[in-house]
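**Q** Right, I'll just put the structure down here and ask away after.
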Amino acid sequence: MFFQQLINGLTLGSTYALTAVGYTMVFGILELVNFSHGAVYMFGAFVVLMLMTALKLNFMLAFVIGVIITGLLGITIDKICLFPLRKKKAPKVASLISTIGVSIFIQNLVMLVWGSETKNFPLVLNLGSINIGSLKISYLQIIIMMIAVVLMAALTIIIRKTKIGKAMRATAQNMEAAKLMGVNVNFVISFTFFLGASLAAVAGVLVGMYYQSVDPMMGFMAGLKAFAAAVLGGIGVLPGAILGGLIIGVSEILAAGYIHAGFRDAIAFGILIAVLIIRPTGLLGKKVQKKV
Amino acid sequence: MKTALDNLKGKSTKNSLKIIIIIAIALSLLVPFLNLSSFVIRMIIMVGIYIILGLSLNLVTGFAGQLSLGHAAFYAIGAYTSAILSTRFEMSFFITALMGALLAAFFGFLLGLPTLKLEGAYLAIVTLGFCEIVRIVALNWMGLTRGPMGIPGIPAPSIFGIDLGTEVGYYFLIYILAAATIITIYRIVNSRVGRAFIAIREDELAAQSMGINTTMYKVLAFTIAAFFAGLAGSFYAHYVTYIDPQSFTFDESIQILSIVILGGMGSIPGTIIGALILVTAPEFLRSLQDYRMVMYGAVLIIMMLTRPQGIMGASKTKIKRNKLASSKISNKGGE
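Heads up: the sequence lines are chains V and R, in that order.
The numbers in numbering that gives the first Met the number 0 rise by one with no breaks, and the one at position 197 of the first sequence is 196.
The numbers in numbering that gives the first Met the number 0 rise by one with no breaks, and the one at position 147 of the second sequence is 146.
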């Protein structure tokens with residue numbers, strides 16, 4: 000029973016981790032909590048679903064196109080709603096409210112265009128499951144976790160080893176200095192938004208496949224929890240987002256299984272608050288010496 | 000010569016502002032007798048509730064500079080406390096409202112404590128998490144809150160046997176509560192405490208080194224804000240006579256925060272205008288029907304893009320700096 004819950008938790012947690020990465024990367028570079036991220040996640044799932052049902056594309060093609068479209072949406076959000084504010088050197092809260100506006104906009108636009116009811120997500124990969132004793136792991140769960148692991152590894156390589164990754168790290172450390180060193184900061188930010196949004200889209204599709212349903216409100220709670228995961232691990236720290244996502248996912252499922260299903264969200268947030276009171280910068284976050 | 004003219008201008012605008020305020024007060028006292036539809040009165044009463052909520056959040060976020068995403072939690076605590084006390088123990092509104100506000104203030108105090116260490120996104124997620132926990136507890140603690148069924152039949156307030164459960168009664172009650180909130184917040188902000196809040200917002204480290212007990216003041220800001228939000232919640236419960244957890248979601252916190260930011264952080268008139276706009280906007284946008292909420296999102300974005308500091312925003316210190324800078328530039332031009 001416990002291991003079953005653990006597997007379910009890890010599956011859910013890996014989708015949170017994929018979403019949390021988007022929060023953490025944007026925060027790392029812009030010090031901005033991007034509240035539109037949950038809506039982007041939902042949008043990704045919807046676009047893939049619509050490509051499959053309305054345009055009758057096969058799953059893989061729809062998946063790739065949908066993820067790219069969502070990534071471009073991420074860039075568009077930045078260019079239209081955040082870039083002008085950065086240019087004006089507006090206070091951070093203004094950008095925050097702007098992303099909240101984006102979130103309301105996207106969510107309601109999706110409801111308007113595709114209807115507000117819950118939609119079936121077709122079972123594209125019916126692979127069955129393996130049983131080990133009483134433990135039942137579906138291949139879908141394994142695929143979800145595998146995809147998460149591969150994408151995380153790829154992301155880590157991009158950030159650690161490639162030129163654009165180096166530029167991202169430089170921008171995160173000091174945007175002005177990076178600019179002076181010839182880093183095309185605007186491109187780096189766009190790229191970051193693209194990565195974050197497309198990973199969120201992947202997570203959205205995986206969740207849609209897992210529960211076989213998508214609805215326009217799905218991004219809301221998932222977005223909050225992914226944000227919680229990013230902060231729990233230490234916002235701005237990539238491995239932190241992964242760790243936080245897994246912890247939130249597992250604790251949520253265990254709480255639902257052993258305590259009370261109604262309290263699952265409360266417990267995830269309770270753990271978060273407890274951790275932050277003990278470690279104010281999250282689990283893997285570094286204490287930043289304040290410059291005076 | 001120029002400065003004298005400027006002074007004169009400043010004085011006249013100040014005077015005209017005073018006149019505008021007096022006219023506004025006089026007109027607002029007449030509102031319930033204007034034969035307006037009950038729908039309009041309802042809107043105005045909701046604006047009153049959001050003025051209280053917005054101002055209280057403005058104290059924390061606008062003046063003390065602590066981003067809170069969980070203001071709806073205090074609103075909920077006030078509403079539930081008041082609703083439970085009045086439906087189960089048949090206490091009068093004025094007692095339950097005070098209890099609701101005090102309990103909310105207590106939770107505000109508790110939530111304020113982590114601000115000792117947390118800031119920015121970390122504080123934001125703690126307040127957000129707190130708000131979600133309050134809502135989920137309200138949703139699941141069936142014995143106390145009746146969960147998703149909500150609490151119906153909350154009695155209308157009355158004073159000395161006079162039933163305030165009429166449109167006029169509610170109007171004047173929220174009028175008095177909102178006015179009391181505005182005056183209290185105004186007095187706080189323009190006092191030693193308020194200056195300490197602003198100092199913390201501008202530069203916490205500097206404030207600390209000037210001898211301001213930043214922790215104490217931050218907790219104080221949360222406590223006062225929670226008190227007023229609890230008060231607004233109590234009124235809301237007795238006004239709509241039915242509450243359920245659905246009224247106190249994260250969206251509610253965001254709505255309150257949007258009011259503060261739209262109006263301008265650290266501006267009291269701004270918050271009032273913000274409440275007026277954001278509460279009535281969905282109704283004005285009603286003609287757009289299904290596009291209503293889409294437009295609401297778009298309006299929020301456009302407002303931020305065109306005036307990121309809010310309608311009445313721009314903190315005093317920044318205005319001064321800008322003036323200084325511009326005067327320097329104009330001096331250079333003169334040379």
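Built from N, CA and C at the ideal position, the CB exists for glycine as well.
Keep in mind it's a predicted model, so treat the numbers as computed, not measured.
For Ser-36/R, which of helix, strand or coil comes out of DSSP?
**A** Here the question's residue 36/R lines up with position 37 in the second sequence. Three-state DSSP puts Ser-36/R in coil, outside helix and strand.
**Q** Any beta carbon of chain R sitting closer than 8 Å to that of Asp-77/V?
**A** Walking along the first sequence from the start, residue 77/V turns up at place 78. Not an interface residue.
**Q** Could you check if Leu-198/V is buried or exposed, using at least 16 other CB atoms within 10 Å of its CB as the buried criterion?
**A** As a first step, residue 198/V must be located in the first sequence, where it is residue number 199. Buried.
**Q** Which value, in whole angstroms, describes the spacing of the CA atoms of Lys-91/V and His-237/R?
**A** Against the first sequence, residue 91/V aligns to sequence position 92. Against the second sequence, residue 237/R aligns to sequence position 238. If I take the Cα positions, the gap works out to 37 Å.
**Q** For Val-182/V, does the three-state DSSP call read helix, strand or coil?
**A** Translated into the one-based positions of the first sequence, residue 182/V becomes position 183. Three-state result, Val-182/V: coil.
**Q** Which residue spans inside the region 122–188 of chain V form an unbroken beta strand (DSSP E) run of at least 3?
**A** List check, beta strand (DSSP E) in window: 128–131 and 134–137.
**Q** State the DSSP-derived secondary structure class of Val-167/R, mapped to helix, strand or coil.
**A** Position 168 of the second sequence holds residue 167/R. Here Val-167/R sits in helix by DSSP.
**Q** In whole angstroms, what is the alpha-carbon distance linking Ala-221/V and Ile-276/R?
**A** Working through the first sequence from its first residue, we reach residue 221/V at position 222. Working through the second sequence from its first residue, we reach residue 276/R at position 277. Those two C-alpha atoms are separated by around 30 Å.
**Q** So if DSSP puts Val-213/V in a beta bridge, which residue, or which two residues, is it bridged to?
**A** For this step, residue 213/V is matched to residue 214 along the first sequence. Answer by DSSP bridge pairing, in chain order: Lys-118/V.
**Q** Hey, could you find the ends of the alpha helix (DSSP H) Leu-122/R is sitting in?
**A** The residue given as residue 122/R occupies position 123 in the second sequence. That run of the alpha helix (DSSP H) goes 120–139.
**Q** Identify the residues that DSSP records as bridge partners of Ile-150/R: which are they?
**A** Within the second sequence, the letter at position 151 stands for residue 150/R. In the DSSP output, where bridge partners are listed per residue, Ile-150/R has Ile-242/R.
**Q** Within the region 194–257 of chain R, note down every full alpha helix (DSSP H) run reaching 4 residues or more, in order along the chain.
**A** With a minimum length of 4 residues, the continuous alpha helix (DSSP H) runs that stay inside the region 194–257 of chain R are 203–208 and 213–239.
**Q** Would you mind working out which of Leu-112/R, Thr-180/R and Tyr-121/R sits nearest Ala-231/R, comparing C-alpha positions?
**A** Sequence index remark: in the second sequence, residue 231/R carries index 232 (1-based). Considering only alpha carbons, the answer is Thr-180/R.
**Q** For Ile-44/R, write down the residues that DSSP places opposite it in a beta bridge.
**A** Counting from one through the second sequence, the residue named residue 44/R turns up at place 45. In the DSSP output, where bridge partners are listed per residue, Ile-44/R has none listed.
**Q** Just to confirm the assignment: which complete alpha helix (DSSP H) runs, minimum length 4, are found wholly within the region 8–67 of chain V?
**A** You should have 36–52.
**Q** Which residues of chain V have a Cβ atom closer than 8 Å to the Cβ of Asn-57/R, listed in chain order?
**A** Working through the second sequence from its first residue, we reach residue 57/R at position 58. None at all; the shortest Cβ gap to chain V is about 12 Å.
**Q** By Cβ distance, which residues of its chain are closer than 7 Å to Ala-202/V, with the 5 residues on each side in sequence left out?
**A** On the first sequence, residue 202/V is found 203 positions in, with the first residue counted as 1. Around Ala-202/V: Thr-14, Leu-17, Thr-18 and Tyr-40.
**Q** With 16 as the cutoff for other CB atoms within 10 Å, does Pro-151/R come out buried or exposed?
**A** Residue 151/R sits at position 152 when you count from the first residue of the second sequence. Its Cβ having fewer than 16 others within 10 Å, Pro-151/R is exposed.
**Q** How about the region 20–30 of chain V and the region 228–241 of chain V: do they share at least three Cβ pairs that are nearer than 8 Å?
**A** Touching, yes, given that three or more Cβ pairs across the two stretches are closer than 8 Å.
**Q** Would a C-beta distance cut-off of 8 Å place Val-218/R and Phe-88/R closer than the cut-off?
**A** Taking the second sequence and counting its residues from 1, one reaches residue 218/R at position 219. Taking the second sequence and counting its residues from 1, one reaches residue 88/R at position 89. Result no, Cβ atoms of Val-218/R and Phe-88/R do not sit closer than 8 Å.
**Q** Buried or exposed: which applies to Thr-213/R, given that a residue is buried once 16 or more other Cβ atoms fall within 10 Å of its Cβ?
**A** To locate residue 213/R, count along the second sequence from 1; it is residue 214. Looking at its Cβ environment, which holds 16 or more other Cβ atoms inside 10 Å, Thr-213/R is buried.
**Q** Taking all protein chains shown into account, decide if Gly-73/V is buried (16 or more other Cβ within 10 angstroms of its Cβ) or exposed.
**A** The count along the first sequence starts at 1 and reaches residue 73/V at position 74. So Gly-73/V counts as buried.
**Q** Sorted by chain position, which residues of the same chain lie with C-beta nearer than 8 Å to Leu-266/V's C-beta, five sequence neighbours on each side aside?
**A** For the purposes of this step, residue 266/V is taken as residue 267 along the first sequence, with counting starting at 1. According to the sequence provided, residue 266/V is Ile. The question's Leu does not apply to it. Taken in chain order, the residues that qualify are Ser-250, Glu-251, Ala-254 and Ile-258.
**Q** I want to verify the contact list: residues of chain R whose CB lies under 7 Å from the CB of Phe-26/V, in sequence order.
**A** On the first sequence, residue 26/V is found 27 positions in, with the first residue counted as 1. The contacting residues are Ala-120.
**Q** If the cut-off is 9 Å on Cβ atoms, which residues from the region 48–68 of chain V count as contacting chain R, listed in chain order?
**A** Listed in sequence order: no entries.
**Q** Rounding to the nearest angstrom, what Cα-Cα distance links Thr-69/V and Gly-119/R in this structure?
**A** Within the first sequence, the letter at position 70 stands for residue 69/V. Within the second sequence, the letter at position 120 stands for residue 119/R. If you take the alpha carbons of Thr-69/V and Gly-119/R, they lie about 28 Å apart.
**Q** Could you tell me whether the Cβ of Gln-245/R comes closer than 8 Å to any Cβ of chain C?
**A** No chain C is present in this structure, whose protein chains are V and R.
**Q** Beta carbon of Asn-34/R, beta carbon of Met-264/R: below 8 Å?
**A** For the purposes of this step, residue 34/R is identified with residue 35 of the second sequence, where counting begins at 1. For the purposes of this step, residue 264/R is identified with residue 265 of the second sequence, where counting begins at 1. No.
**Q** Can you give me the C-alpha to C-alpha distance between Phe-171/R and Ile-44/R, rounded to a whole angstrom?
**A** Position 172 of the second sequence, counted from the start, is the residue given in the question as residue 171/R. Position 45 of the second sequence, counted from the start, is the residue given in the question as residue 44/R. Between Phe-171/R and Ile-44/R, the C-alpha separation is close to 9 Å.
**Q** With a Cβ-Cβ cutoff of 8 Å, do Thr-280/V and Gly-244/V count as a contact?
**A** As a position in the first sequence, residue 280/V is number 281, starting the count at 1. As a position in the first sequence, residue 244/V is number 245, starting the count at 1. No. Outside cutoff.
**Q** What's the gap between the Cα of Val-278/R and the Cα of Phe-58/V?
**A** As a working mapping, residue 278/R is identified with position 279 in the second sequence. As a working mapping, residue 58/V is identified with position 59 in the first sequence. Spanning the two alpha carbons is a distance of roughly 44 Å.
**Q** Which class does Ser-157/R belong to by DSSP, given the choice of helix, strand or coil?
**A** Stepping through the second sequence from its first residue, residue 157/R is reached at position 158. If DSSP states are grouped into helix, strand and coil, Ser-157/R belongs with the strands.
**Q** Bridge partners of Asp-162/R, per DSSP?
**A** Locating residue 162/R in the second sequence gives position 163, counting from the first residue. Asp-162/R pairs with Ser-157/R.
**Q** Along chain V, in chain order, which residues have C-beta atoms closer than 7 Å to that of Lys-116/R?
**A** Counting from 1 along the second sequence, the entry for residue 116/R is found at position 117. Within chain V, the residues near Lys-116/R are Pro-279.
**Q** Mark Ala-186/V as exposed unless 16 or more other C-beta atoms lie within 10 angstroms of its C-beta, in which case mark it buried.
**A** Residue mapping note: residue 186/V aligns to position 187 of the first sequence, counting from 1. Checking the sequence shown, residue 186/V turns out to be Phe, not Ala. Label assigned to Phe-186/V: exposed.
**Q** For Gly-12/V and Ile-247/V, what's the separation of their Cα atoms in angstroms?
**A** By one-based count along the first sequence, residue 12/V stands at place 13. By one-based count along the first sequence, residue 247/V stands at place 248. Whole-angstrom Cα-Cα distance: 6 Å.
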